[in-house]
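Here the sequence shown is numbered in the working numbering, starting from -13 and rising by one per residue.
Shown next, in structure tokens, is the structure this report addresses.
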Amino acid sequence: MLPTSPFAHPDIDTLRALATALADYRVIPFGVEELDSRLGCGGLRAGALHEATALTCSLADDAAATLFLAGVAAREAQAAAAPVLWVSCRNDLYAPGLEQAGLASAHVIHAQPRNDAASLAVVEDAVRDGTPAAVVAEASKISMVATRRLQLAAAEAGIPVLLLRRHRGRGSDPLADPSAAWTRWRIASASSERLGVAGVGRPRWLVELVRQRGGEGFSLIVEGCDATGRLAVPALLGHRTAEAAGPVRHAAA
């Protein structure tokens, strides 16, 4: 397990490094025009903190949010030929599910700290070390100061930090808390395509971008991650998918 260290205030050298990183940044495209064209960078900024949460407490929505981030991490792992660090206080990672989203267990290092505070310290240390291609972390509650720390570390290292915000209870909104994240997403399961024969079609998700820096929110229905971690737009809906999904149903946090 990686060593942990307490959070400290950023010094002037850290801020200068951040300014340099922001001037020349890398982008992680989804490869889906309907998504990338609506993102200010043409995709996700690599050196940044990105948050996602399930629209509801249901297991289906929670799985969709988890696999949404797993797909992003899987594409980075393939591109960088480096492992993904998954940090969670829980012991419920389902390897076959992650592999269906392109993230094979051989490419995942699982860290299980004792609480959210220790998790965030592990994430920061791993990002500054530069070993993982991406870091996925799970947390139910995180302060604005902590998200700033993670955003600074991600920008300095050019490594994406993908934060899965867990619901603390029914009726709670994980994205109600302020955050320095570059993008914030809500993910929900949607009805899959009907097949001509008995069986289950490729899963579909309702993807809502609640907030992005320098851009507007939107919602879109997509087909869930395939074995390479890539999303797709349902063929029958095509460019009308965004209108079918409707407006974002929550105010930007």
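Just so it is clear, CB atoms sit at the ideal spot from N, CA and C, and this is done for glycine as well.
Check whether the Cβ atoms of residue i and residue j sit closer than 8 Å, and answer yes or no.
i: Ala51; j: Ala38; result: yes
i: Val18; j: Val70; result: no
i: Arg199; j: Gly26; result: yes
i: Pro146; j: Arg152; result: no
i: Asp102; j: Ala125; result: yes
i: Arg114; j: Cys75; result: no
i: Ala68; j: Thr117; result: yes
i: Arg61; j: Gly187; result: no
i: Ala139; j: Leu106; result: no
Thinking C-alpha only, which one of the options is nearest residue i?
i: Glu135; options: Asp115, Ala167 and Tyr80; result: Looking at the sequence shown, residue 135 is not Glu but Arg. Among Asp115, Ala167 and Tyr80, the Cα nearest to that of Arg135 is on Ala167.
i: Cys43; options: Asp212, Thr214, Leu217 and Ser175; result: Ser175
i: Trp171; options: Ile14, Val18, Leu35 and Cys27; result: Leu35
i: Asp111; options: Val73, Arg152, Ile173 and Arg61; result: Val73
i: Ile128; options: Arg154, Thr117, Glu142 and Ala119; result: Arg154
i: Leu41; options: Ser158, Thr169 and Asn77; result: Ser158
i: Ala162; options: Gly215, Val196, Ser205 and Val108; result: Val196
i: Ile173; options: Val193, Ala97 and Arg188; result: Val193
i: Arg156; options: Ile14, Asp48 and Gly201; result: Asp48
i: Ile14; options: Leu79, Glu202, Leu45 and Thr169; result: Thr169
i: Ala46; options: Phe204, Ser177, Gly201 and Ser205; result: Ser177
Looking only at its chain, what residues have a beta carbon closer than 7 Å to the beta carbon of residue i, apart from the 5 residues adjacent to it on each side?
i: Pro220; result: Glu179, Arg190, Ile207, Glu209 and Thr227
i: Ala213; result: Gln86 and Gly88
i: Phe16; result: Asp22, Gly29 and Leu217
i: Gly240; result: This structure gives no information on residue 240, because the portion of the chain shown stretches from -13 to 239.
i: Leu55; result: Ala38, Val122, Leu148 and Leu150
i: Gln263; result: Beyond the ends of the chain as shown, which are -13 and 239, falls residue 263; an answer cannot be given.
i: Pro(-11); result: Residue placement at Pro(-11) is flagged as unreliable, the pLDDT there being 48, under the threshold of 50; the coordinate-derived value follows with that caveat. The residues are Asp111.
i: Val109; result: Val73, Val121, Ala123, Leu136 and Val147
i: Leu79; result: Trp72 and His96
Within a Cβ cutoff of 6 Å, which residues of the same chain sit near residue i, ignoring the five residues on either side of it in sequence?
i: Pro164; result: Met130
i: Ala63; result: Val70, His93 and Ala119
i: Ser91; result: Ala81
i: Ile95; result: Pro69 and Leu71
i: Phe204; result: Arg24 and Leu195
For residue i, collect the residues of the same chain with a Cβ closer than 8 Å to its Cβ; drop the 5 residues on either side in sequence, then sort them by chain order.
i: Leu53; result: Gly83, Leu84, Gln86, Ala87, Gly210 and Cys211
Can residue i be considered in contact with the ligand HEM, in the sense that its beta carbon sits closer than 7 Å to one or more heavy atoms?
i: Arg151; result: Among the components modelled here there is no ligand, and therefore nothing to report on the ligand HEM.
- [ ] Could you tell me which uninterrupted beta strand (DSSP E) segments, each at least 3 residues in length, are contained entirely in the stretch 130 to 212, listed from first to last along the chain?
- [x] Those beta strand (DSSP E) runs which fall completely within the stretch 130 to 212 and span 3+ residues are 147 to 151, 169 to 176, 190 to 198 and 204 to 209.
Open item on the list: As an exercise, report each continuous alpha helix (DSSP H) stretch of at least 4 residues that is fully enclosed by the stretch 67 to 110, in chain order.
Closed with: The qualifying runs are 81 to 86.
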